[in-house]
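Everything on this sheet refers to the single structure shown next.
There are 2 protein chains.
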Amino acid sequence: MSAPPTQDVFLAGVSMTAFGKRPGDSVKTLTAEAVTAALSDAGAAVADIEAAWFSNTRQPMLEGQNTVRGQIALRPLGLTGIPVVNVENACASGSTALLQAIHWLRAGAGDVGLVVGVEKMVFPDRPDRVAAAFAGGTDIHDREAVLDYIRAMGGEAPTDGRSLFMDLYAAQARAHLARFGSTPLDLALLAAKNHTAAAHNPRSQYRTAMTASQVLADKPIVFPFTRAMCAPVSDGAAAAIVCSARGLKRLGAAGRAVRVRGCALVSAGVRAPDDLANHIGRRAATQACEQAEIGPADIDVVEVHDATSYAELQQIENLGLAEPGTVGARVATGDFALGGRTPVNPSGGLVAKGHPVGATGLAQLFELTTQLRDEAGPRQVEQARIAVAENGGGFLGVEEAATVVTVLERWAA
Amino acid sequence: MSAPPTQDVFLAGVSMTAFGKRPGDSVKTLTAEAVTAALSDAGAAVADIEAAWFSNTRQPMLEGQNTVRGQIALRPLGLTGIPVVNVENACASGSTALLQAIHWLRAGAGDVGLVVGVEKMVFPDRPDRVAAAFAGGTDIHDREAVLDYIRAMGGEAPTDGRSLFMDLYAAQARAHLARFGSTPLDLALLAAKNHTAAAHNPRSQYRTAMTASQVLADKPIVFPFTRAMCAPVSDGAAAAIVCSARGLKRLGAAGRAVRVRGCALVSAGVRAPDDLANHIGRRAATQACEQAEIGPADIDVVEVHDATSYAELQQIENLGLAEPGTVGARVATGDFALGGRTPVNPSGGLVAKGHPVGATGLAQLFELTTQLRDEAGPRQVEQARIAVAENGGGFLGVEEAATVVTVLERWAA
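In the order they appear, the protein sequences are chains A and B. First residue of the first sequence? That's 863 in our numbering, and the numbers climb one at a time after it. First residue of the second sequence? That's 863 in our numbering, and the numbers climb one at a time after it.
Right under this line is the structure:
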């Protein structure tokens, strides 16, 4: 499973739309914006695309658009006739779609593919459906098991209609605080780092630098989280053009391509809540880094799935970038900020940049590709050569239902 | 795209549950039944499965279970930790999931995978949601385009809450009748053939042999269809264990395996309604048969996606098994029945066997694998060596949104 892959795969073009509340936009318009930009970035035409993978998680429950969402959203762009696959894995859908495209390339089934993630989540007139779509990322036929988990971790069932996921992450965060002596300030430092980075990201939903004090003083959501530590609800899209070496040559896109060195998907396991050595994020990271033949010291820049700032803390540990319980001290010294040892979430992360579920994984790859190309402007990580993304979603048992870790590498043709 | 694949892929085990109204069952129980049977058929254990693909189209809209359906349904079976991918393509979801697993095998990413299709569609207390889930297989933001198409083909917008798809197929059927002189009797002969075959299929939803006269005398749905020419709403599941040559050896399952010779997915194209040479089903068939290096004369047994009997007629033409307009005469002579030249839908097809959307494509492969193993009992096609399945779904433009054609071959280790 984790042997180094034999055939090179590249990202030839990437894109993301601005994330945020976009009342004038639809899945179709967001798709058009992201696909057009990714094609342009790769120097590719519609006719170059041999197959497409489409990542979306909300259209059935929020709009009643079911099952062939990709074909419907891509058709107005002239992307007709080719294979289109609709892929879901909750918040990890985008990178799961990428993985299917990688298999297609490595199988020799084609040379140039398109991966698109799109989400229209902001429906102010449909709060019940929005909440139901979040709840649907857990086992809705065994909701008691989810609530039992929250209660066993010292929490309470949410009553205010907020996403259940905030409570699930909060339960894990409190356990981490109790066990390792980490503090709400540690989480606030991570969130402040991301909000501050996002001020330099024109596509970010929020672009206001924050201090840890400001994060702690923000509206409480569920202890230990304040609003600034939680990803907002967002509209947005992101896309990538994926190629074999032959496809890259055909497009003439070698100059700015990045190489995919590893990509591993795993699902929720069976473990004790405190067995963090087998955390889904650690298992995914281990597999992806084995594929890439890299260790933590090789990683230059990281995007992790901070649906809450606790998830960022946990994933920094999972990647081996900090010993358990030391993230707070390390973030305080700037180790994970721009200019630090291993910058994490230079894009602003989910808490600031936004989190349109089906697009999030591909937006992480947009950021990392931009970094590896030295095109990130004021948020550029210097001499970035190896970049890692972690994208996780849903909840099952005691952890995310699905997590993907992807390793990208700067590449010079 | 259609070069012969380089690495062999096999179905080592297959299963399908009985299809029908199963009020005591859920997606979880149907999944358990199909997966357990497929593992047993392959002589495989849960621990042999390295990755899984899950095909379902109804849980979000009918039950509120969103996006990580596969992980949730597979977990009680001990299938935890491994990669799980949720795949949709309307009625073609099951074989689209298979195609993703084939790419994974050919990419060298693993050796033994599981593909599962499951649908729980019968909710007598939720007729509005059931109808909405069908409608969601077309562009729900451009419903006028769908209705315009029906009207342009001489039909009317349905008013009785039936699936819009019956009207879409009926519009095409009427055009075919007008152009080629085929008749409602031709469709009735196809439906009667399938209902009669289904009498020998213990897993079929309906198992009552019918004559063409009985089919024509059944309840009218929309001209030229009667109820017996239309697939019912069904609960059910089907599964397959897919292997590389190495995986097959590891399982010791070579004795009853069948080889996948071709598998092609295409999407709705842009064509004139009467340009049947570019029909999506013909494009998929051409690609899959090119991969398999076979022609129509090589095909011994076929399962096609007869959501209505017109779809069967069209796909028999698409596969090159009959010249346009000649299917009726050919079915009248028994060419497509058991014992005929090229038996089509020996399982009973969708009109009799049932059509639990996400499971249908894999159920076709269950039937064909059973045929290639000489294990079909009273419905056995003699000396079947090459088998072809066509699985199509959704509607976009003037045809299905997605179609997969798969070619299987008897294989002796």
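Note that beta-carbon positions come from the ideal geometry of N, C-alpha and C, so glycine has one too. All figures in this text were calculated on a predicted structure; none of them were measured in a lab.
Give, in chain order, every residue of the region 969-985 of chain A whose Cβ lies closer than 8 Å to some Cβ of chain B. A969, G970, A971 and G972
Does L939/B have its Cβ less than 7 Å from a Cβ in chain A? no
For P1094/A and H1217/A, what's the separation of their Cα atoms in angstroms? 6 Å
Short CB-CB distance (under 7 Å) between V930/B and chain A: yes
Counting along the chain, where does the alpha helix (DSSP H) carrying L1200/B start and finish? Premise fails: L1200/B is in no alpha helix (DSSP H) and is neither H nor E.
With a cut-off of 7 Å, does the C-beta of T1222/A fall near any C-beta of chain B? no
Decide if D1022/B is buried, meaning its Cβ has at least 16 other Cβ atoms within 10 Å, or exposed. The Cβ neighbour count for D1022/B, taken over all protein chains shown within 10 Å, is under 16; the residue is labelled exposed.
In angstroms, rounded to a whole number, what distance separates the CA positions of L892/A and L901/B? Looking at the two C-alpha atoms, the distance is approximately 42 Å.
Sub-7 Å separation of N918/A and V980/A beta-carbons: yes
Might you give, ordered along the chain, the residues of its own chain that have their beta carbon closer than 8 Å to the beta carbon of L967/B, omitting 5 neighbours on each side? Q869, V871, D973, G975, V1104, C1105, S1106 and G1109
With a cut-off of 8 Å, do at least 3 Cβ pairs link the region 949-957 of chain A to the region 1219-1228 of chain A? yes
Residue range of the alpha helix (DSSP H) that L941/A falls in? For L941/A, there is no enclosing alpha helix (DSSP H), as DSSP marks it with neither H nor E.
Based on DSSP bridge pairs, tell me the residues matched to L873/A. V1104/A and V1120/A
Listed by chain order, chain A residues near A952/B by CB distance under 8 Å: N928, T929 and V930, listed in chain order.
Would you give the residue range spanned by the alpha helix (DSSP H) that V1166/B belongs to? Taken as a continuous stretch (DSSP letters only), V1166/B belongs to no alpha helix (DSSP H), as it is neither H nor E.
Classification of S1044/B by the beta-carbon crowding that lies within 10 angstroms, buried from 16 upward: buried
Under 7 Å between C-beta atoms of A1251/B and L1234/B: no
Rounded to the nearest angstrom, what separates M863/B and G1017/A at their Cα positions? Its pLDDT being 40, under 50, M863/B is placed unreliably by the model, and nothing is read from it.
Considering only their Cβ atoms, is the gap separating V1269/B from R1133/B smaller than 7 Å? no
Name the chain B residues that come within less than 9 Å of M1028/A, Cβ to Cβ? Identification of chain B residues near M1028/A by a Cβ-Cβ cut-off of 9 Å yields none; the smallest Cβ-Cβ distance measures about 17 Å.
Chain B contact residues for T942/A, given Cβ-Cβ distances below 9 Å: The answer, in chain order, is S1129, A1130, G1131, V1132, L1258 and G1259.
Within chain A, the residues that T1265/B reaches when beta carbons sit closer than 8 Å: None at all; the shortest Cβ gap to chain A is about 10 Å.
With a threshold of 8 Å, are at least 3 pairs of Cβ atoms found where one atom belongs to the region 930-937 of chain B and the other to the region 1062-1082 of chain B? Short answer: they don't touch.
Is the distance from the Cβ of I1012/B to the Cβ of D1029/B below 7 Å? yes
Is V1219/B close to the ligand MG? I mean its beta-carbon at under 6 Å from any heavy atom of the ligand. With respect to the ligand MG, the structure shown offers nothing to examine, as it has no ligands at all.
According to the Cβ coordinates, are V1164/A and V1120/A closer than 7 Å? no
A1101/B: which of L1227/B, E1237/B and G943/B sits nearest, CA to CA? L1227/B
What are the partner residues of W915/A, as DSSP defines its beta bridges? V947/A and V977/A, per the DSSP bridge assignment.
Hey, could you find the ends of the beta strand (DSSP E) N1253/B is sitting in? I1248 to G1255
Spatial distance of I1156/B from T1204/B (CA atoms): 15 Å
Take the Cβ of T1195/A as the centre, count every other Cβ of all protein chains shown within 10 Å, and call the residue buried at 16 or more, exposed below. exposed
Measuring only the C-alpha atoms, how far is V1081/A from K1111/A? Looking at the sequence itself, residue 1081/A is Lys, so the reference to Val does not match. Their Cα atoms are separated by approximately 51 Å.
Comparing C-alpha positions only, which one of V1008/A, L1051/A and N1253/A sits nearest to S1171/A? L1051/A
Rounded to whole angstroms, what's the CA-CA distance from G999/B to Q933/A? Just pull it up for me. 10 Å
Can a CB atom of chain A be found closer than 7 Å to the CB of W915/B? no
With a threshold of 7 Å between beta-carbons, can A995/A be considered close to chain B, or not? yes
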